[in-house]
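FYI, the working numbering numbers position 20 of the sequence shown as 20, with every residue one higher than the one before it.
Scroll down for the structure; my scribbles are underneath it.
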Amino acid sequence: MLPEMEKRATKALIYTDNLRHNLKAVKSLIKAETKICGAVKADGYGHGAVEVSKILLAEGIDCLGVSAVSEGGELREAGIKAPILLFGHADPDELAGICRWKLQPFAGTLSYIKSLEKAAEKTGKTLKIHLKVDTGMGRIGCPPAEAPEIGAYIQASPFLKLQGTCTHFPVSDSISKEDREFTAEQIHLFLHTVDEVRRAGVDPGLIHAANSGAVASWPDAHFDMVRPGIILYGYYPDPAMKRPRQLKPVMQLESSISFLKEIEAGKSVSYGRSWVSRKRSLIGTIPVGYADGYNRLLSNRAEVVIRGKRYPLAGRICMDQTMIDLGSPGDEKFENRDYSDITVGEKVILFGQDESAPCAQELGMITGTIPYEVTCAVSKRVPRIYL
Ligand SMILES: *Cc1c(COP(=O)(O)O)cnc(C)c1O
């Protein structure tokens with residue numbers, strides 16, 4: 001990071017104590033002997049994979065999960081020695097990287113496994129693999145009936161080791177009856193599959209399945225290891241689900257007022273002229289826009305927080321700047337607001353752990369998405385400041 005970058009008013013503060021708090025919450029939901037694989041894909045859901053990984057490992061988690069080979073490489077280059085699971089399916093050109101960085105891929109087809117075996121053979125070292133069974137996610141993984149044969153192939157290979165057997169849940173966070181039945185069936189099918197693997201004389205290794213939804217709602221699916229992601233960053237995957245523990249958002253996106261002006265009634269603000277002042281109004285500009293990951297769909301809909309009070313956006317979010325309606329003198333609606341008080345340099349919170357600020361869940365509801373996407377979207381231009 002260039003030194004100038006850290007001086008930018010727009011920054012993502014990372015509350016590392018909240019990360020530790022959320023990990024404690026996860027630990028309190030699982031048995032002491034259950035291992036934890038922290039999902040740090042997508043740059044730790046936007047929080048910074050290297051920093052997040054170091055903190056989680058220092059707090060005793062067992063391994064890390066990434067989606068792209070390059071993400072695993074980044075952690076290794078940063079000196080991280082812990083096991084790294086590769087959740088995603090690698091491309092043929094990436095297989096050498098898997099071996100070089102000792103990533104443990106999820107694999108579910110013999111052809112992929114054979115290409116991994118070839119790559120491992122070239123290095124002369126054994127590659128640890130997790131047999132991925134598709135019990136209902138419909139993404140990657142083998143049909144349950146093929147698991148014993150594939151497991152046997154991995155076990156017989158001198159260059160592969162079956163380190164684990166796993167599956168993934170699409171609706172473990174849902175409270176609907178139909179979805180709960182679907183997950184219950186997945187768990188049943190997965191356990192049956194693991195049994196069949198054993199009956200074929202294959203040691204399935206670590207059994208794992210639980211994402212955040214299952215960590216919180218499906219203790220029967222914790223098995224040997226859980227793979228929480230979003231819950232570590234302070235959010236439940238679905239706002240409707242039961243919340244067995246209180247979580248704390250880890251990221252807070254902040255900026256500060258860079259420009260202030262008063263405008264007369266009837267003046268429009270920003271592209272498209274979608275916002276027009278009804279009265280004389282104080283308009284603040286902040287140097288943050290959709291290029292920073294502040295979704296343009298929040299235009300005229302989201303609120304920001306200044307000194308514990310909420311203010312609405314005025315007009316479209318631009319690529320790099322956004323305007324705020326700071327109120328009108330004498331306007332009843334704004335009677336409690338410090339109309340004249342606000343100055344250039346005033347801190348503005350866009351979302352995060354601050355009590356009065358929207359959280360990523362709230363912003364996601366406005367734009368029709370999930371907190372995952374809100375924190376992942378915060379772009380490279382925004383420095384992460386670790387507190
Ligand atoms: C992302 C991911 C997880 C973590 O999911 P959360 O919903 O964030 O807890 C676990 N397992 C796999 C395979 C994943 O891709």
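Ideal Cβ placement from N, Cα and C applies to all residues, glycine included.
Is there at least one non-hydrogen atom of ligand 1 closer than 7 angstroms to the beta-carbon of residue i?
i, result
"residue 168", "yes"
"residue 174", "no"
"residue 87", "yes"
"residue 370", "no"
"residue 217", "no"
"residue 211", "yes"
"residue 79", "no"
"residue 27", "no"
"residue 406", "Past the edges of the chain, shown from 1 to 387, lies residue 406, and the structure says nothing about it."
"residue 65", "yes"
"residue 244", "no"
"residue 237", "yes"
"residue 230", "yes"
Given the structure, does residue i come close to ligand 2, in the sense that its CB is under 7 angstroms from one of the ligand's heavy atoms?
i, result
"residue 227", "Inclusion of ligand 2 in the displayed structure is not the case, the ligand content consisting of ligand 1 alone."
Any idea what DSSP makes of residue i, helix, strand or coil?
i, result
"residue 90", "coil"
"residue 186", "helix"
"residue 376", "helix"
"residue 347", "strand"
"residue 44", "helix"
"residue 197", "helix"
"residue 52", "helix"
"residue 66", "strand"
"residue 105", "strand"
"residue 113", "helix"
"residue 371", "helix"
"residue 14", "strand"
The alpha helix (DSSP H) with residue i in it runs from where to where?
i, result
"residue 96", "95-100"
"residue 288", "Taken as a continuous stretch (DSSP letters only), residue 288 belongs to no alpha helix (DSSP H), as it is neither H nor E."
"residue 73", "69-77"
"residue 3", "3-6"
What first and last residue would you give for the beta strand (DSSP E) that runs through residue i?
i, result
"residue 384", "384-386"
"residue 302", "From DSSP, residue 302 is part of no beta strand (DSSP E); its letter is neither H nor E."
"residue 464", "There is simply no residue 464 to check, as the chain begins at 1 and stops at 387 in what is shown."
"residue 279", "Here residue 279 belongs to no beta strand (DSSP E), and DSSP marks it neither H nor E."
"residue 38", "35-39"
"residue 312", "309-312"
Check whether the region 150-158 touches the region 108-117, counting contact only when three or more Cβ pairs, one atom from each stretch, lie closer than 8 angstroms.
yes
Continuous beta strand (DSSP E) assignments of at least 3 residues falling wholly in the region 206-276
206-210, 251-256, 259-263
Examine the Cβ distances between the region 192-200 and the region 172-181 and report whether three or more of them are shorter than 8 angstroms.
no
Mind listing, in chain order, the continuous alpha helix (DSSP H) runs of no fewer than 4 residues lying wholly within the region 119-177?
147-156
Validate contact between the region 8-25 and the region 372-384 using beta carbons, cut 8 angstroms, 3 pairs:
yes
Three-pair Cβ contact test at 8 angstroms for the region 346-364 versus the region 211-224
no
Does the region 254-268 touch the region 369-378, meaning 3 or more C-beta pairs lie closer than 8 angstroms?
no
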